[in-house]
Every structure is written in C-alpha cells, then in structure tokens.
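>
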C-alpha cells in the first residue's frame with residue numbers, strides 16, 4: 214500500500230512540476246529531470262539507463278538509473294558499460310580527420326590507394342570512391358543494404374569488403390544518401406593501411422587513452438568479460454527479455470564500441486572544447502570541424518513544436534538547425550541497446566543517453582526534452598508522445614502477426630510435399646543456406662554465415678511459410694517460394710527492417 218501511495222504522490226508532484234516548467238523552464242533540469250527519467254523508464258520498460266549532461270566544460274548531471282539486467286538488483290552507475298552502436302562512427306570519422314590534419318591522408322583520396330582490392334558492382338563507382346564518400350554514406354547503397362550479410366556474422370572485415378562488390382546498389386553513385394555500415398568498416402581499414410595500427414589499437418592509443426576513457430572497449434568480443442556492464446534486452450512475444458551479446462567486430466569501425474557515461478563525457482567535453490583536455494590538444498580542431506561540415510541531405514524534419522528544418526549528414530554525425538541552434542548528433546543501436554549523443558557546439562552543451570533495451574525511444578525523447586529546457590521552449594513531454602506512437606506501431610505489428618499465427622493454426626497444407634522444399638540454396642551476396650525438415654510438419658532454415666541461428670518455417674498454405682527467426686532481432690516474416698511446374702526454384706527471405714530492408718532471393722541449387 215505504501216508503494217502505491219508513494220507512486221500516487223510522485224505522479225501529483227510530477228504533474229505540478231511539469232506545469233511549473235511552462236513558466237520557468239530553467240528549473241526542469243534541476244528539479245524535474247530525475248523524476249521524468251524514472252517515470253519514463255517504467256513506462257518504456259527499460260531495465261537500465263545512464264544519462265549525462267555537460268555544459269561549459271563541466272558535468273551538470275551524470276547518473277545511472279535502474280538495473281544492469283532485468284530481474285537482478287545490480288544497479289547501473291556512471292561507470293557501467295553499454296554498447297553505443299553507431300555512435301562509434303564519430304570516433305572512426307574523427308580518427309581519419311586527425312590523420313588528414315597530420316598530412317597523412319586526404320579525405321578525398323580514393324579508397325583504392327589504400328585498399329587496392331576495393332570494388333563496387335559498378336566498376337567506375339568503385340574506382341572513384343573516396344574516404345569522404347564512405348564517411349557520409351553516398352556510395353549508392355540503400356540504408357542498411359547488405360547488413361543481413363554483414364552484421365553479427367562470421368565474416369571477417371576483408372571478406373565483408375570483398376562482398377561489397379556483390380551488392381546491387383539501389384541508387385546511382387553519389388546520387389542519394391543511404392546509411393551504409395560496410396562503408397564505415399572500409400573507411401576504418403584505411404586507418405590500418407596508413408598507420409600500421411589496427412582500427413581498434415589506433416582508437417585506443419590516440420583517442421581513448423589521452424582522453425582518459427579507461428573503461429571504454431573498442432571491440433564487442435571484450436564486452437562479455439567486463440565486470441561492470443549491462444545486459445542487452447529486447448521484447449519477445451510481448452515480454453522484455455535479456456538476449457545474448459552480439460559480435461560485430463567484423464563491422465567494428467561502424468558500431469563495436471562499449472562505453473559508460475563517465476567515459477563518454479570526456480569525449481563530449483573534448484569535442485566541445487576544440488579537442489583540448491586541459492592544455493593538451495588531443496584532437497585537432499581542424500579534425501573536429503571537418504566532421505561537422507555538411508556532406509549530404511538526409512531528410513526533412515518536423516519537430517513537435519512545429520519547427521521544420523533539414524537533417525544533413527557530416528562525417529559520422531547528423532546535423533540539424535533547431536531553433537537557431539546548430540545541433541550535432543547521432544544515434545546508436547545494436548542488439549539490445551539504443552543510445553544517443555548530442556552536441557550544441559556554440560552553447561558548449563552535450564547530452565549522452567545510454568539504454569539497455571532496443572525497444573524504446575527515450576534515448577531520442579530525452580535529447581529533445583533537455584534541449585528544449587536549455588533553449589527555454591515550452592514543455593512537450595516527448596517521452597509520452599513518442600511512447601503513444603510506439604505502442605500504436607507495436608499494436609499494428611501484433612495484429613498482423615496474430616493473423617499469420619491464426620493462419621498457421623488452421624493447419625493449411627503446402628502445395629507440395631515438404632521434402633520438395635528442402636535442399637541447398639544460394640544467394641550471390643549472402644552465400645549458402647539450407648532448408649531441412651523440422652518438427653511437427655515444419656521446415657527449418659540454416660544460414661552459412663549465421664551458424665548459431667535458424668528460422669522456423671510453418672505452412673500458410675500454397676507455397677508460403679511463416680518464418681520466425683531464433684534470433685528475435687531478425688524478426689518474423691512471410692517467406693514465399695517460387696515454384697514452376699511443380700519444382701521449387703527459389704525462396705524470398707526478408708529480415709526485420711531495422712536490420713535490412715532489402716529482401717534476398719535464394720535460388721535452389723539441389
């Protein structure tokens with residue numbers, strides 16, 4: 214009963230504080246933010262989070278919230294590690310801009326100067342690709358194109374780069390922005406070609422160490438062995454669940470770093486101080502400015518307050534003008550984690566949000582909530598607005614999935630005997646896949662480069678099967694077979710859009 218009363222009182226206090234913010238927004242950070250975050254963690258079902266705000270070179274807020282793993286009482290603190298995902302990209306871009314400032318390379322050098330084997334399907338495009346092209350996502354690939362093949366697989370970095378030549382680019386070279394993880398991997402390999410140091414050793418020695426980021430890990434393989442770390446979580450069949458750590462060191466320069474808000478605060482403070490730590494120039498000012506120069510148009514953006522602007526992409530950073538302020542920011546997401554890093558250079562303001570479930574948008578909502586407070590804009594309650602839309606989207610997905618499960622429950626028979634669908638399949642980009650007979654009149658799909666993963670396939674009737682991956686991050690989908698004259702020719706495989714939006718056609722080879 215006491216807990217219920219306490220929660221009721223807290224809600225009343227929160228509502229009162231929120232109303233007060235309409236009058237004096239400067240009080241939000243000091244008086245309201247803690248309650249706001251704790252309430253949001255409950256509403257979003259986030260086990261743990263860490264938040265840091267820096268202003269004028271000083272930490273305004275640095276705190277851990279919740280627990281490292283659902284069901285355990287181990288609390289998150291300011292040194293607890295989270296995987297930061299694509300917030301790794303700013304480190305990679307900065308490293309290459311540092312090398313340019315030192316005269317060791319030019320961002321406009323062609324990649325083949327450093328990686329002679331680099332190719333794209335369009336030979337001329339491959340020959341023309343520069344370091345800059347890779348760092349601003351303009352090589353012609355659609356967003357996430359190729360990631361089913363490249364992400365969390367057993368492929369090495371060199372093998373991924375070689376396979377980029379097999380990707381059928383969605384757009385003409387440099388014609389359109391398309392978020393490409395493999396491009397950042399390739400750019401990261403240039404670091405090794407120029408310095409003789411692997412990407413991870415260069416980042417550790419020339420960025421982490423001089424900034425004092427002593428707990429930060431460059432590679433995902435080291436994350437499970439850390440002592441003070443979070444567990445990744447996602448939602449499986451409506452339940453929040455801890456999931457295995459991913460291993461994406463094949464794409465390391467695009468997303469492998471694990472860090473804490475304490476260490477990330479040192480990175481952000483240095484970036485807001487023109488690369489200086491005390492009297493030491495750790496990162497050249499020229500390198501920092503190079504990453505913030507707009508390179509590509511991404512999209513038009515409309516904010517909750519009605520403000521409309523453009524989102525541009527620099528080198529490892531997204532760029533926006535918001536309420537007459539230049540915002541430099543990026544999000545990061547890997548299995549079980551979503552994070553955000555935000556800089557307002559002229560205001561010397563930085564915001565870091567780390568969470569250990571990938572099924573939330575609080576990492577983004579907090580960015581705008583805190584920015585609005587500093588900019589003295591009216592209170593929007595971004596978390597609740599985002600949560601409402603998130604739940605609506607989830608309800609729609611669940612309704613679609615329920616229809617498919619209901620169809621499976623009707624025991625509709627496939628057009629052909631099950632053994633007609635079994636056999637070996639291949640896709641030019643991905644490689645090999647095998648379909649075998651499973652249990653209960655089902656099929657099971659196994660993938661060459663995801664050796665621990667499989668997909669369970671249940672008949673929907675005809676030549677369509679409802680596929681559920683053993684890795685929940687891969688999603689659920691309808692896989693249709695192409696059949697001609699009673700013979701299976703191929704199958705269309707589609708993973709979750711958050712991994713890759715491009716479908717794969719696997720041809721049957723026997």
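In my numbering, the protein residues as written are 214 to 723. Where is the CB? At the ideal position from N, CA and C, for every residue including glycine.
From the DSSP output, in three-state form, read off residue 310 for me.
helix
> Buried or exposed for residue 580, please, with buried defined as at least 16 other CB atoms from any protein chain shown within 10 angstroms of its CB.
buried
> For residue 362, report the span of its alpha helix (DSSP H) as first-last.
Note, residue 362: alpha helix (DSSP H), 360 to 363.
> Which residue marks the beginning of the beta strand (DSSP E) containing residue 660, and which one marks its end?
Segment 656 to 660, the beta strand (DSSP E) holding residue 660.
> With distances taken from CA atoms, which of 492, 513 and 484 is nearest residue 503?
Cα-wise, what sits closest to residue 503 is 484.
> Taking 9 Å as the threshold (C-beta atoms), are residue 532 and residue 505 in contact?
yes
> Can you give the Cα-Cα distance for residue 360 and residue 470, rounded to whole angstroms?
18 Å
> For residue 732, which residues from the same chain have a beta carbon less than 7 Å from its beta carbon, with the 5 sequence-adjacent residues on both sides left out?
Not covered by the structure: residue 732. The range shown for the chain is 214 to 723.
> For residue 280, report the span of its alpha helix (DSSP H) as first-last.
Careful: residue 280 lies outside any alpha helix (DSSP H) and carries neither H nor E.
> Tell me whether the beta-carbon of residue 670 lies closer than 9 Å to the beta-carbon of residue 660.
no
> Could you tell me which residues DSSP puts in a beta bridge with residue 687?
Beta-bridge analysis with DSSP links residue 687 to no other residue.
> May I have the straight-line CA-CA distance separating residue 709 from residue 681, to the nearest angstrom?
Those two C-alpha atoms are separated by around 11 Å.
> Counting only the same chain and skipping the five closest in sequence on each side, list residues whose C-beta sits under 6 Å from that of residue 273.
266
> Can you name, in chain order, every residue of its own chain whose Cβ lies under 6 Å from the Cβ of residue 599, other than the five neighbours on each side?
574 and 578
> Quick one: give me the first and last residue of the beta strand (DSSP E) that residue 534 is part of.
531 to 535
> What are the start and end residues of the beta strand (DSSP E) that includes residue 572?
Premise fails: residue 572 is in no beta strand (DSSP E) and is neither H nor E.
> Output needed for residue 570: all residues of its chain with C-beta closer than 6 Å, excluding positions within five of it in sequence on either side, in chain order.
259 and 446
> Residue 695: which of 721, 551, 305 and 423 sits nearest, CA to CA?
721
> With a Cβ-Cβ cutoff of 9 Å, do residue 255 and residue 401 count as a contact?
no
> Kindly give me the distance between the Cβ atoms of residue 639 and residue 692, rounded to whole angstroms, as I take these residues to be in contact under 8 Å.
So it is not a contact: roughly 16 Å between Cβ atoms.
> Give a yes or no on whether 9 Å exceeds the smallest Cβ distance from residue 509 to chain D.
You won't find chain D in this structure, because it holds only one protein chain.
> Residue 369: which of 662, 530 and 683 sits nearest, CA to CA?
662
> On the criterion of 16 or more Cβ atoms from any shown chain inside 10 Å, does residue 523 qualify as buried, or is it exposed?
It is exposed - the Cβ of residue 523 has fewer than 16 other Cβ atoms within 10 Å.
> For a test of the three-state rule: what should DSSP assign to residue 437, helix, strand or coil?
helix
> Mind checking which residues open and close the beta strand (DSSP E) that includes residue 664?
663 to 672
> Return the CA-CA distance between residue 394 and residue 488, expressed in angstroms with no decimal places.
Each residue's Cα considered, the two are about 26 Å apart.
> What residue from 714, 593 and 328 has the CA that sits closest to residue 519's CA?
593
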